[in-house]
Amino acid sequence: MIDPMAGLDGGAPGVEDTADEKDVIDVTSLRYNMERVDKIRSVMGIASGCVAGICGLTGLEGLACFVLLHVFVLTLVCGLKMDFKLHSYTRQNWWSYLTANLQQCALSFTLFWTLFYGLVYLY
Numbered sequence: 021m022i023d024p025m026a027g028l029d030g031g032a033p034g035v036e037d038t039a040d041e042k043d044v045i046d047v048t049s050l051r052y053n054m055e056r057v058d059k060i061r062s063v064m065g066i067a068s069g070c071v072a073g074i075c076g077l078t079g080l081e082g083l084a085c086f087v088l089l090h091v092f093v094l095t096l097v098c099g100l101k102m103d104f105k106l107h108s109y110t111r112q113n114w115w116s117y118l119t120a121n122l123q124q125c126a127l128s129f130t131l132f133w134t135l136f137y138g139l140v141y142l143y
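Counting the sequence shown from 1 gives a position; our numbering is that position plus 20.
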C-alpha cells in the first residue's frame, strides 16, 4: 500500500518504478493488528489445551495437537481476515507470523492441557 499523496513515486506521474518503491505504513494500525493477532494466539493456546486435555492426549500426540491447531487457526485468520495478504497487515513473513510468541502460547497450552487432563481423567 503506497500512499500517492506522500510524493514517494520518484518519477513522472503515471510511471511505475518498482526498483525504488517505498511503502508508507500506519504504525497505529500495524500495532492494532499485531495486538489482535496476539489475543487470538493466546485464546487459541488456551482452547487447544482444553481440547487436548479433554481428549486425553498425552506425549507427542498432545504436541501434535498443539502444532496442528496453531497452524490451522493462524492460517484461518490470515485467510478470512487478511485475504492471505500477510505483508499488508503485519509486515512479517510466514515463518515469523507462525512462530511469534510461540513460547507464551505453548505455556498457556501446557497449563490448560494438564489442568483439563487432570480434571477429566484423574478426579
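Cβ coordinates follow ideal geometry from the N, Cα and C atoms, glycine included.
In the three-state reduction of the DSSP assignment, Val91 falls in the helix class, which pools H, G and I. Exposed is the label assigned to Arg51, since fewer than 16 other Cβ atoms lie within 10 Å of its Cβ.
Shown here for Met54: same chain residues with a beta carbon closer than 7 Å to its own, the five before and five after excluded, namely Thr110 in chain order. In the DSSP assignment, Lys59 falls within the unbroken alpha helix (DSSP H) covering Val47 to Cys75. The beta carbons of Leu94 and Leu118 sit about 6 Å from each other, so the pair counts as a contact at 8 Å. Bounds of the alpha helix (DSSP H) holding Tyr117 are Trp114 to Thr119. DSSP, reduced to helix, strand and coil, places Phe132 within a helical segment of the structure shown.
Burial is judged here by how many other beta carbons sit within 10 angstroms of a residue's own beta carbon; Trp133 has at least 16 and is buried. Taking 8 Å as the cut-off, the beta carbon of Ser62 is found closer than this to the beta carbon of Cys125. Under the three-state reduction of DSSP output, Val44 falls in the coil class, being neither helix nor strand. Going by DSSP, Leu106 is part of the alpha helix (DSSP H) stretching over Leu106 to Thr110.
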